[in-house]
Amino acid sequence: MFHWKKLKKDDIKREILAGTTSFFAISYIIMVNTVILAEAGMPKELTIFGTIFISIIGSILMGLIADAPIVLTTGMGVNSFFTYTLVLSLGLTWQQALAVSFCAGVVYLLVAFTKLSKLFAEVVPETLKTGITVGIGFFLVLIGLEKGHLILRGEHTFLQLASLNNSLTLLTLFSLILTVVLFIKGIQGSFFIGIVVVTLIANVFGMVTPTEHFSLSGLGNYSQVFLQLDFSTFFSKSFLLGVFALSMILIFESMGLLKGLMPEADEKKYLRAYRVTGFITLLSGIFGTSPTVAAAESATGIEEGGKTGLTSITSGICFFLALLALPFLSYIPDSALAPAIIITGFLMIQQIKTLHFDDFSDYFPAMLMIVLIPFTMNISDGMAFGFVAYPLTKLVAGKKSELSLPMWLISGLFLIYLIVNVLI
Numbered sequence: 254m255f256h257w258k259k260l261k262k263d264d265i266k267r268e269i270l271a272g273t274t275s276f277f278a279i280s281y282i283i284m285v286n287t288v289i290l291a292e293a294g295m296p297k298e299l300t301i302f303g304t305i306f307i308s309i310i311g312s313i314l315m316g317l318i319a320d321a322p323i324v325l326t327t328g329m330g331v332n333s334f335f336t337y338t339l340v341l342s343l344g345l346t347w348q349q350a351l352a353v354s355f356c357a358g359v360v361y362l363l364v365a366f367t368k369l370s371k372l373f374a375e376v377v378p379e380t381l382k383t384g385i386t387v388g389i390g391f392f393l394v395l396i397g398l399e400k401g402h403l404i405l406r407g408e409h410t411f412l413q414l415a416s417l418n419n420s421l422t423l424l425t426l427f428s429l430i431l432t433v434v435l436f437i438k439g440i441q442g443s444f445f446i447g448i449v450v451v452t453l454i455a456n457v458f459g460m461v462t463p464t465e466h467f468s469l470s471g472l473g474n475y476s477q478v479f480l481q482l483d484f485s486t487f488f489s490k491s492f493l494l495g496v497f498a499l500s501m502i503l504i505f506e507s508m509g510l511l512k513g514l515m516p517e518a519d520e521k522k523y524l525r526a527y528r529v530t531g532f533i534t535l536l537s538g539i540f541g542t543s544p545t546v547a548a549a550e551s552a553t554g555i556e557e558g559g560k561t562g563l564t565s566i567t568s569g570i571c572f573f574l575a576l577l578a579l580p581f582l583s584y585i586p587d588s589a590l591a592p593a594i595i596i597t598g599f600l601m602i603q604q605i606k607t608l609h610f611d612d613f614s615d616y617f618p619a620m621l622m623i624v625l626i627p628f629t630m631n632i633s634d635g636m637a638f639g640f641v642a643y644p645l646t647k648l649v650a651g652k653k654s655e656l657s658l659p660m661w662l663i664s665g666l667f668l669i670y671l672i673v674n675v676l677i
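Per this note's numbering, the sequence shown starts with residue 254, numbered consecutively.
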């Protein structure tokens, strides 16, 4: 069951390197999640501990129980839903939003530990699974380009190329060239080497200016966010709508991410990973942070050769070390991290070749996902449109026989999810 227990010395080195690479690729979440939750009224100096603690627990349990090279941490998109929808739109307090997160975790586990999880996984057609994988790939590329200051929001266009006079943009270009060369040459640890080299260069030449300062001294006040769930509005419309929408996001986004990151995993491994994800999602509210998901950036470690739970355990240990090194985290520039994210995204995009472009009713829903996931910067919304479009295109094309009742059910749930999003 646990293949990492039987690894040879060279394999262990590879797994540790992969886990370290995954951690660095997703390490930005520590700071970013803290900033987003602060807009919900949560104290920055305390939520950073919740983000790190839940990432430590989630990643290590993913390795120990599921034996999967997947990092579990607070999810981008989900954290925005927590702040901007639950708190700022629905008017819940952050304590009540934590309670919504907990309840959504309960709903997730009800699905994960029943036949529904297996049913959902089996009935989703390959074209939609490919759409999810490729869409996440483009999503990662955009994140990497933005983090590396290579693209920015245009004045007259959706996006535009950043000025090449910007030192950080030039640093990213150097970092990308270095990492691509190392990767093409097949040098083990190419992503990690690139991160270390560019971080050293950036600090030697004074190109890094830390904007946030954290220390372990704030841990004494962590009880102010730990176990602060407020169920006082449980029967209100806002609370129940929030639970439904968040449950839909977590259940299907986790399914899509895990299938996309582990396309060749057997059913048992996938199910264990799916259940661990649900359990950690439940804990996230208790620990005072937004819900967790499988990090798409786990793909960077997988591309480095991570195949077992030792990769995720290593990432969990890195999160623990990050806790001890809080003041130093902000010295790692985005330019050092961007290439690993960009290259990993391109590798995931390769799966587009498996789509059946001779059947419009088959590839159109997948292409909706591929386009909408990156351009809305929201995995769940992109997935929703693809799932709703699939039965409609098949029905119009006269291919009703390709649709199962469970597929209609899933598509109907996603349609309700989109409607609920409009209502809230």
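The beta carbon of each residue, even a glycine, is placed where N, CA and C say it ideally should be.
Selected residue, minimal CA-CA separation from residue i, among the options
i	options	result
Ser-633	Gly-388, Tyr-337, Asp-615 and Val-461	Gly-388
Gly-311	Pro-516, Thr-567, Leu-662 and Pro-618	Thr-567
Leu-671	Leu-535, Asn-419 and Ile-502	Ile-502
Gly-303	Val-433, Glu-292, Ser-537 and Ala-589	Ser-537
Leu-362	Phe-613, Leu-625, Ile-585 and Ile-504	Ile-504
Leu-424	Val-340, Phe-411 and Asp-587	Asp-587
Leu-381	Gln-413, Ser-614, Cys-571 and Asn-674	Ser-614
Leu-369	Val-673, Thr-462, Asn-674 and Leu-658	Leu-658
Gly-598	Phe-572, Leu-431 and Glu-550	Glu-550
Asn-674	Leu-351, Leu-493, Gln-349 and Phe-458	Leu-493
Ser-468	Leu-412, Met-660, Phe-581 and Ile-318	Phe-581
Thr-432	Ser-416, Val-450 and Leu-417	Val-450
Ser-428	Ser-354, His-409 and Ile-585	Ile-585
Phe-685	Asp-612, Pro-644, Phe-572 and Phe-532	Residue 685 lies beyond the range of the chain shown here (254 to 677); nothing can be said about it.
Val-478	Lys-653, Ala-352 and Ser-654	Ala-352
Lys-490	Leu-339, Leu-412 and Ala-415	Leu-339
Val-574	Phe-487, Ile-309, Lys-653 and Leu-426	A small correction: the amino acid at residue 574 is Leu; Val does not occupy that position in the sequence shown. If we check each option's Cα against that of Leu-574, Ile-309 comes out closest.
Ile-446	Leu-317, Ser-654 and Thr-274	Thr-274
Ile-440	Lys-261, Arg-267 and Glu-506	Arg-267
Leu-676	Asp-612, Phe-532, Glu-517 and Ala-498	Ala-498
Nonlocal neighbours in the same chain, by C-beta distance under 6 Å from residue i, ignoring five residues either side
i	result
Gly-442	Leu-270
Phe-610	Tyr-616
Gly-513	Ile-385, Thr-386 and Ile-389
Lys-286	Reading off the sequence shown, one finds Asn at residue 286, where the question assumed Lys. Thr-304, Thr-327 and Asn-332.
Phe-398	The question names Phe, yet the displayed sequence has Leu at residue 398. Only Ile-404 meet the Cβ criterion.
Ala-293	Thr-336, Val-340 and Trp-347
Ala-548	Ile-279, Val-324 and Thr-326
Pair within 8 Å by beta-carbon distance, residue i and residue j
i	j	result
Thr-561	Asp-263	no
Phe-436	Ile-282	no
Pro-544	Gly-328	yes
Met-315	Ser-583	no
Gly-635	Met-622	yes
Ile-279	Ala-526	no
Leu-480	Ile-555	no
Ile-594	Ile-396	yes
Val-624	Ser-500	no
Lys-400	Ala-591	yes
Phe-444	Thr-564	no
Val-546	Leu-524	no
Thr-530	Leu-372	no
Asp-519	Gln-348	no
Ala-374	Met-508	yes
Arg-528	Phe-366	yes
Alpha-carbon spacing of residue i relative to residue j, whole angstroms
i	j	result
Phe-334	Val-649	34 Å
Ile-301	Val-288	9 Å
Gly-495	Ala-357	9 Å
Tyr-337	Gly-407	24 Å
Ser-664	Pro-627	21 Å
Ile-448	Ala-578	17 Å
Phe-638	Thr-646	12 Å
Thr-542	Met-630	21 Å
Thr-534	Glu-298	22 Å
Ile-307	Gly-651	48 Å
Val-461	Ala-455	6 Å
Ala-291	Ser-342	15 Å
Ile-313	Gly-569	5 Å
Val-377	Trp-661	10 Å
Lys-522	Gly-559	15 Å
Tyr-643	Glu-655	10 Å
His-409	Leu-417	19 Å
7 Å CB neighbourhood of residue i in its chain, flanking five on each side removed
i	result
Leu-668	Val-641
Asn-419	His-402
Below-8 Å beta-carbon distance, residue i vs any chain C residue
i	result
Leu-494	Judged by its chain identifiers, the structure shown contains no chain C, having just a single protein chain.
Own chain, CB closer than 8 Å to residue i, minus 5 neighbours either side, in chain order
i	result
Val-394	Ile-594, Ile-595, Gly-598, Phe-599, Ile-602 and Pro-627
Thr-383	Gln-604, Ile-605, Thr-607, Leu-608 and Ala-619
Leu-421	Gly-401, His-402, Met-460, Pro-586, Asp-587 and Ser-588
Item checked: Start-end ranges of the beta strand (DSSP E) lying completely within the stretch 527-584, minimum 3 residues -> 545-547
Check: What runs of the alpha helix (DSSP H), each 4 residues or longer, lie entirely inside the stretch 646-675?
Finding: Within the stretch 646-675, no run of alpha helix (DSSP H) at least 4 residues long lies entirely inside it.
Margin query: I'd like the ranges of any alpha helix (DSSP H) spanning at least 4 consecutive residues and lying wholly in the stretch 360-430.
Written below: Within the stretch 360-430, the complete alpha helix (DSSP H) runs of at least 4 residues are 368-376 and 379-400.
Checklist line | Unbroken stretches of the alpha helix (DSSP H), 4 residues or longer, contained in the stretch 459-503 | finding: none
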